[in-house]
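Trainee:
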Amino acid sequence: MKLQFSAEVATARRTLKPLVALESSVLAQGLPYPENLEAATRCEAAVRAEGAVPATMAVIDGELWVGLDAHRTERLAKGRGLMKVGSRDLAIAVARRATGGTTVSATVELAAAAGIHVFSTGGLGGVHRGMEETLDISQDLPAIARFPVAVVCAGAKSVLDLPRTLELLETLGVPVIGVGTDELPGFYSRETGLPLEHQVADAGEAGEVLRARAELGQGGVIFAVPPPKAAAMKRVDVEKHLEAALKAAKEKRISGKSVTPFLLSELAKRTKGKSLAANLALLENNARFAARLATATGWR
Ligand code: PSU
Ligand code: MN
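In case it helps, the working numbering puts the sequence shown at residues 2 to 301.
1) Taking only runs of the alpha helix (DSSP H) that begin and end inside the segment 148-220, which ones reach a length of at least 4 residues, in chain order?
2) Note the first and the last residue of the continuous alpha helix (DSSP H) segment covering PRO33.
3) Given a cut-off of 7 Å on the beta-carbon distance, is the pair ALA92 and VAL54 in contact?
4) Count Cβ pairs between the segment 60-79 and the segment 94-111 that sit closer than 8 Å; are there 3 or more?
5) Just to check, is the beta-carbon of SER139 closer than 6 Å to a non-hydrogen atom of the ligand MN?
6) Within 6 Å: the Cβ of GLY123 and any heavy atom of the ligand PSU?
7) Within the continuous alpha helix (DSSP H) that includes ALA269, where are the two ends?
8) Using CA atoms only, rank isn't needed, just tell me which of ALA282, ALA151 and MET84 is closest to ALA231.
9) The alpha helix (DSSP H) with SER276 in it runs from where to where?
10) List, from N- to C-terminal side, the beta strand (DSSP E) runs of 3 residues or more that fit wholly inside the segment 77-163.
11) Judging by CA-CA distance, which residue of ASP70, ALA29 and GLY31 is the nearest neighbour of GLN5?
12) Would you check if the distance between the CB atom of GLY220 and the CB atom of ALA146 is smaller than 7 Å?
13) Does the ligand PSU have even one heavy atom less than 6 Å from the beta-carbon of THR261?
14) If you measure from the CB of THR104, is any heavy atom of the ligand PSU nearer than 6 Å?
15) Throw me the rounded Cβ distance for the THR103 and GLU24 pair, which I believe falls under 8 Å.
16) Within 6 Å: the Cβ of LYS270 and any heavy atom of the ligand PSU?
17) Could you please give the first and the last residue of the uninterrupted alpha helix (DSSP H) stretch that includes VAL239?
18) Tell me which residues share the same chain as ASP137 and place their Cβ nearer than 6 Å to its Cβ, disregarding the 5 neighbours each side in the sequence.
19) Would you be able to state if there are at least three C-beta pairs under 8 Å between the segment 15-31 and the segment 111-128?
20) Give me, in chain order, the residues of the same chain whose beta-carbon lies closer than 8 Å to that of LEU169; leave out the 5 immediate sequence neighbours on both sides.
21) Could you give the uninterrupted runs of the alpha helix (DSSP H) lying entirely in the segment 48-82, keeping only those of 4 residues or more?
22) Can you tell me whether GLY26 sits near the ligand PSU, meaning its C-beta is under 6 Å from at least one heavy atom of the ligand?
23) Roughly how many angstroms separate the alpha carbons of THR74 and GLU184, rounded to a whole number?
24) At a cut-off of 6 Å, would you count GLY31 as near the ligand PSU, judging by its Cβ distance to the nearest heavy atom?
25) Based on the DSSP secondary-structure assignment, which residues constitute the bridge partners of LEU4?
26) Would you call the segment 251-263 and the segment 146-157 touching, i.e. three or more CB-CB distances under 8 Å?
27) Do GLU36 and LEU277 have their CB atoms nearer than 7 Å?
28) What does a CB cutoff of less than 7 Å around ASP162 pick up in its chain, not counting 5 residues either side in sequence?
29) Spatial neighbours of ALA113 within its chain, please: C-beta separation below 8 Å, excluding the five flanking residues on both sides.
30) Would you identify the three-state DSSP class for VAL226, choosing helix, strand or coil?
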């Protein structure tokens, strides 16, 4: 797989600095402009402040980019109708010379190809509510199981069926480890009431788990970090607005890969921007932890 490296990432690889992979579907589909650009800027700054280097992945004119300069970041943030590139779309995006943001699944795949072991995102895709009818399950989950990359997130997106998402992760052999919590964080909210079997206190402990996984030759691990208190929403508030958003999605017959972007933008409208603010804060917070983790592994 031919990868293109930004100047900053190329230098980091030469000088053996720790790298943190970041996704770009959140830029191209997950957040509106200009909040998406603000999110990218804050995440990259948080990674650099910890002494690591951000490597945002994207497909640009069919090229697989590891690290984006300001111009390419802006192109993704302002672009309309950009492709949402999951793992299964990568080859098609390349063949068609397309431009798009990579989701968690495509980003962990590109990270593994680039030798990057730590990746930060907001919330994972997973098993959707009503999956009995739709069988809508994000390809994020099997991709995390397959590629040996640590995924730092604030849990799975709250629009999902979280108990079933946890069950499927167990089936796939993916550990879900709480960072300073014994409960799955709820993305916009700090709590879900769903217990996690394992937790670590800090990035140092997380790094030890990562090294042991690598020695066993196993795939990805999830580190779930609760969103910062100042920006987190109450779980009941999220649920209330979510029910309305889910109803709207059903009425408008939104399906397939449009479901996630639709629900996120509905929530932003219905919470008067509170969910947006929480999303930005947790993205930055996760990027910071990921940078500490990338440093703690000692791998370069
Ligand atoms: N979480 C967010 N914003 C996002 C996503 C997740 O807060 O934009 C994106 C991620 O890139 C994730 C994707 O991989 O949504 C999952 O989409 P789907 O459910 O269609 O697999
Ligand atoms: Mn889906």
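The beta carbon of each residue, even a glycine, is placed where N, CA and C say it ideally should be.
Mentor: Let's see:
1) 163-172 and 204-217
2) The residue labelled residue 33 in the question sits at position 32 within the sequence shown. Run containing PRO33: none; DSSP gives neither H nor E here.
3) Within the sequence shown, the letter at position 91 stands for residue 92. Within the sequence shown, the letter at position 53 stands for residue 54. Against a cut-off of 7 Å, the Cβ pair of VAL54 and ALA92 comes out as no contact.
4) yes
5) Looking up residue 139 in the sequence shown gives position 138. Checking every heavy atom of the ligand MN against the Cβ of SER139, one is found closer than 6 Å.
6) Reading the sequence shown from its first residue, position 122 is the one you call residue 123. Result yes, Cβ under 6 Å from the ligand PSU.
7) Position 268 of the sequence shown, counted from the start, is the residue given in the question as residue 269. That run of the alpha helix (DSSP H) goes 260-271.
8) Locating residue 231 in the sequence shown gives position 230, counting from the first residue. Closest option to ALA231, Cα to Cα, is ALA282.
9) Taking the sequence shown and counting its residues from 1, one reaches residue 276 at position 275. Run containing SER276: 275-297, per the alpha helix (DSSP H) assignment.
10) 84-86, 101-103, 119-121 and 151-154
11) Counting from one through the sequence shown, the residue named residue 5 turns up at place 4. Out of ASP70, ALA29 and GLY31, ASP70 has the C-alpha closest to the C-alpha of GLN5.
12) For this step, residue 220 is matched to residue 219 along the sequence shown. For this step, residue 146 is matched to residue 145 along the sequence shown. Yes. Within cutoff.
13) Sequence index remark: in the sequence shown, residue 261 carries index 260 (1-based). Because some heavy atom of the ligand PSU lies under 6 Å away, the Cβ of THR261 counts as near it: yes.
14) For this step, residue 104 is matched to residue 103 along the sequence shown. Yes, the ligand PSU has a heavy atom inside 6 Å of this Cβ.
15) The count along the sequence shown starts at 1 and reaches residue 103 at position 102. The count along the sequence shown starts at 1 and reaches residue 24 at position 23. About 6 Å separates the two Cβ atoms, so the contact holds.
16) For the purposes of this step, residue 270 is taken as residue 269 along the sequence shown, with counting starting at 1. Every heavy atom of the ligand PSU is 6 Å or more from the Cβ of LYS270, so no.
17) For the purposes of this step, residue 239 is taken as the residue at position 238 of the sequence shown. Taken as a continuous stretch (DSSP letters only), the alpha helix (DSSP H) holding VAL239 covers 236-252.
18) Here residue 137 corresponds to residue number 136 of the sequence shown, with the count starting at 1. The residues are HIS129.
19) yes
20) Looking up residue 169 in the sequence shown gives position 168. Within the same chain, LEU169 has close Cβ partners GLY127, VAL128, ILE138 and LEU142.
21) 71-79
22) Here residue 26 is taken as the residue at index 25 of the sequence shown, counted from 1. What sits at residue 26 in the sequence shown is Ser, not Gly. Correct: SER26 has its Cβ closer than 6 Å to the ligand PSU.
23) Position 73 of the sequence shown, counted from the first residue, corresponds to residue 74. Position 183 of the sequence shown, counted from the first residue, corresponds to residue 184. Between THR74 and GLU184, the C-alpha separation is close to 34 Å.
24) Locating residue 31 in the sequence shown gives position 30, where the first residue counts as 1. Flag set: Cβ of GLY31 near the ligand PSU.
25) For the purposes of this step, residue 4 is taken as the residue at position 3 of the sequence shown. LEU65, per the DSSP bridge assignment.
26) no
27) In the sequence shown, residue 36 corresponds to position 35, counting from 1. In the sequence shown, residue 277 corresponds to position 276, counting from 1. Yes.
28) Position 161 of the sequence shown, counting from 1, holds the residue named residue 162. Within the same chain, ASP162 has close Cβ partners VAL128, HIS129, ARG130 and MET132.
29) In the sequence shown, residue 113 corresponds to position 112, counting from 1. Excluding positions up to five away in sequence, the list reads PHE148, PRO149 and VAL150.
30) Reading the sequence shown from its first residue, position 225 is the one you call residue 226. Reduced to three states, the DSSP call for VAL226 is coil.
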